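Residue numbering for the sequence shown follows our numbering, starting at 38 and increasing by one per position.
For each residue, glycine too, the CB sits at the ideal point set by N, CA and C.
Please read these numbers as outputs of a predicted model, since none were measured by experiment.
Heads up, the thing below is written out as structure tokens.
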Amino acid sequence: YNIGQSWFRAGRHDIALATFENLIEKFPESTIAPVTELMVAQVEFAIKNNKNPEMNINYSDENTIVDPETGITYSKVKTFTGKNDLISYTSGGFNMSPDGRFLVLENKVVPTDGSDPFTLVDMDALRAVYSPDMKNAAFYAESAIWIVPVSPETGRSIGQPIKLLEGSYVFQHSVNWSPDGKKIAFTRRDKTIAGDIWVISVSDGKLMPITNSPQDDYGPVWSPDGNKIAFVRGFEIWLASADGSETKMIIKQDRFTQRMIWKSDSKWLFYRNGGQNYLYSLDHNKHYNFNVPEHTGDFISFSTTGGKILFYRTSFNNKWGSKIVSASGGPTYSPIPNISVFDAQWSTNSKQIVVESENMQGETIYKIISLAGGNTVDVEIKANVNDKLLPFGFSHNLTSLAFLTAKENDKFDLYIIPFSMQEGQTIGPAKKVFENWSRGNLSWSPENTRLALVHERGIWIVPLDGGSPVQIANTPEGLRGVGWSPDGKMISYWVESKNTRIIYAVSATSGVPQVVHSNCKTGSWGPDSKSMALLANGEILIVSLSGEKLKHIVNLKDFGLIDTSSPKYSPDGKQLAFIGYNGDKSLIFMYSFDSGKIKRLAFENQDDEKYFLNWSPDGKWLSYLSEENIKVRLESFLWEANFKEVKEKLLQQQ
């Protein structure tokens with residue numbers, strides 16, 4: 038099967054087809070047969086339409102690039118090959134050391150002078166980052182923040198790591214050092230605080246709050262002059278004074294910001310939002326689009342003096358994809374291998390998948406994918422509104438689409454518009470169903486005639502066939518994760534309180550919310566609408582709505598897991614599937630209520646990050662989204678551009 042996949046990616050469709058057909062002929066009853074039949078259909082369609090599934094990759098060896106759009110010159114300054122070509126992605130736990138001599142990816146360190154890479158600490162560490170004076174490094178391990186002394190000359194650790202603060206610190210944004218190296222800014226997550234920016238002293242562990250908001254604040258970055266801390270709140274970028282006495286919003290976008298980096302003079306802030314790069318001038322209170330040629334890679338840092346802007350072009354491609362696997366076993370199948378996928382939803386007949394992707398401008402688009410091959414259909418969204426549409430997802434039966442329009446008061450109007458899968462487009466007029474929405478979580482009822490949504494600090498039920506929205510629950514704490522019971526009579530939601538999540542259930546008409554579990558991480562409704570499958574205290578279990586434990590499913594430690602996704606019931610209620618996580622490995626498991634046994638699925642690839650697991654309506658397939666890094670080039674490169682030239686040309690053009 039993997040050999041056939043390789044021939045297919047290489048464009049040798051004839052050999053790929055013969056390989057897959059031979060596999061089915063030899064093993065017609067094997068668990069590999071269902072997914073191989075899908076590959077046969079995909080290859081036959083590619084042969085008929087002369088399509089190669091892989092994207093065209095330009096292996097340019099130019100040392101200088103002049104962007105035809107902006108006229109900005111980019112120069113290649115370093116090449117990374119062999120053992121030094123370790124940086125597979127430039128998000129999450131990647132950063133450049135303050136002195137520019139090291140590239141850091143989680144716990145791996147790659148010197149830029151070509152010397153051997155090394156591991157920073159002998160621990161299962163994540164998000165390592167050096168202090169400005171290169172005398173210490175901070176990282177996450179064992180759910181805590183740690184500090185380790187390092188050699189400024191070699192970058193290697195020279196002492197034992199010290200636990201600075203316990204809590205729930207794993208995959209969130211890295212901590213950020215103060216310019217003097219004496220403090221660390223971070224998003225606090227422990228039994229006392231969850232989702233606010235705090236500062237901790239490295240010498241004595243003294244804590245000081247910077248923000249106190251009902252919303253999640255994250256990604257703090259200290260300005261080089263030490264006076265300000267930039268951070269992200271929702272779709273906004275905020276500035277706080279270093280002592281937390283003042284905060285103000287400076288940038289508003291319609292997507293989450295992924296990265297922020299200060300220039301050394303503290304007058305410019307780089308940030309990335311919705312796949313687009315921006316430079317923000319504090320002096321002019323204005324941001325400028327700063328998209329760069331693909332060959333230069335991603336913005337990673339300013340030089341130590343601020344005169345250069347540095348970019349890293351990894352030899353790996355970061356791929357956000359959609360995969361499916363047969364519930365009976367066998368390898369995975371990618372129904373649409375050549376585009377990024379951020380969400381996926383099955384059609385009611387289990388023969389198609391609607392995927393969410395984005396265009397070159399970073400705008401949300403949808404495509405309809407046939408599992409048996411055939412043309413991909415680009416969904417057309419047309420609505421009788423004047424403002425820009427922000428798509429917000431389909432109903433379960435794919436007959437309606439929700440979308441938003443932004444208002445000047447930072448709120449949104451919510452609309453519903455009919456949709457036709459057969460035509461691949463919206464049909465009929467849009468209907469406004471909720472005004473001035475705060476854009477919380479949203480869930481469609483099982484019969485697709487009502488919405489449950491989080492607004493401000495309450496849950497509202499919105500009838501789609503007439504009538505006014507009704508608030509059914511209210512809480513002083515932030516609500517999340519709203520979901521309907523299968524019979525449509527109950528609503529579940531969870532509240533993040535300190536370092537725990539409390540799951541509640543409440544009638545969809547009215548009533549007093551009841552606590553289902555006071556210390557769980559995630560969960561989903563049982564098919565009887567009277568129970569829930571939860572992950573709590575390292576165990577997946579079934580509980581009644583009153584919190585009574587009904588059945589034990591699995592202890593995570595028995596399978597070497599540290600976390601799982603929300604367990605999902607099969608359509609017939611006989612199986613429970615979930616994704617298990619162990620460090621950088623993600624594995625799919627399926628529990629049978631009949632046999633009481635657990636089996637693994639999609640076991641041929643453990644290195645892709647799996648998430649958003651869903652059953653097909655017929656119960657034969659499981660789909661999931663994945664993020665993986667695929668090596669597609671021989672070398673990685675470090676590029677640079679002159680900041681003065683960048684500033685002048687961006688100001689001239691914008």
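| query | result |
| --- | --- |
| Between the CA atoms of Asp645 and Val414 - distance to the nearest angstrom | 27 angstroms |
| Sequence-distant residues of the same chain with beta carbon closer than 6 angstroms to Glu331, five excluded per side | none |
| Cβ pair Ile69, Gly525 closer than 8 angstroms | no |
| Where Lys63 sits in the DSSP three-state scheme | helix |
| Start and end residues, beta strand (DSSP E) containing Arg225 | Lys220 to Arg226 |
| Residue nearest to Gln313 in terms of C-alpha spacing, selected from Gly399, Phe117 and Thr342 | Gly399 |
| Endpoints, the beta strand (DSSP E) within which Lys647 is located | Glu646 to Trp652 |
| The region 427-440 in contact with the region 449-465 per 3-pair CB rule at 8 angstroms | yes |
| Residue(s) in a DSSP beta bridge with Met286 | Trp275 |
| Cβ contact check for the region 188-196 and the region 214-229: 3 or more pairs under 8 angstroms | no |
| Residue(s) in a DSSP beta bridge with Phe339 | Ile346 |
| DSSP three-state assignment for Gln691, whether helix, strand or coil | coil |
| Cα-Cα separation, Val207 to Leu598 | 14 angstroms |
| Chain-order list of residues whose beta-carbon lies under 6 angstroms from that of Phe131 (same chain, five-residue window excluded) | Leu142 |
| Under 8 angstroms between C-beta atoms of Val146 and Leu163 | no |
| Close beta carbons around Gly344, own chain, < 8 angstroms, minus the five adjacent residues each side | Asn679, Phe680 and Lys681 |
| N-terminal and C-terminal residue of the alpha helix (DSSP H) that Ala420 is part of | From DSSP, Ala420 is part of no alpha helix (DSSP H); its letter is neither H nor E. |
| Helix, strand or coil at Lys636 [DSSP, three-state] | strand |
| Assigned exposure category for Asp631 - 16 Cβ within 10 Å defines buried | exposed |
| Beta-carbon proximity list for Val80, same chain, < 7 angstroms, skipping 5 on both sides | Phe45, His50, Ala53, Leu54 and Phe57 |
| Of the residues Gly504, Gly503, Gly520 and Asn485, the one placed nearest Val491, counting alpha carbons only | Gly520 |
| Status (buried if at least 16 other CB within 10 Å, exposed otherwise) for Ser134 | buried |
| Outcome for Asn59 when other beta-carbon atoms lying within 10 angstroms are tallied against a minimum of 16 | exposed |
| Lys657 beta carbon less than 8 angstroms from that of Ser363 | yes |
| C-alpha distance - Ala717 paired with Leu123, whole-angstrom precision | No information on residue 717 is available, as it lies outside the stretch 38 to 691 that the chain covers here. |
| Contact under 8 angstroms by Cβ, Arg138 with Asp150 | yes |
| Coarse secondary structure for Asp447, derived from DSSP in three states | coil |
| Where His210 falls, given that 16 or more other Cβ within 10 Å makes a residue buried | buried |
| DSSP beta-bridge partners of Met627 | Ala614 and Lys636 |
| Buried or exposed (CB count within 10 angstroms, at least 16 for buried), Phe336 | buried |
| DSSP three-state assignment for Gln508, whether helix, strand or coil | strand |
| For Glu493 and Ser475, the rounded distance between their alpha carbons | 6 angstroms |
| Sub-8 angstroms separation of Ser544 and Met527 beta-carbons | yes |
| Same chain, Cβ closer than 6 angstroms to Glu203, neighbours up to 5 away in sequence not counted | Ala181 |
| Own chain residues within Cβ distance below 8 angstroms of Ser303, not counting five before or after | Ser260, Pro261, Asp262, Asn264, Lys265 and Leu319 |
| Which residues DSSP lists as bridging Ser128, in chain order | Answer is none; Ser128 lacks a bridge partner. |
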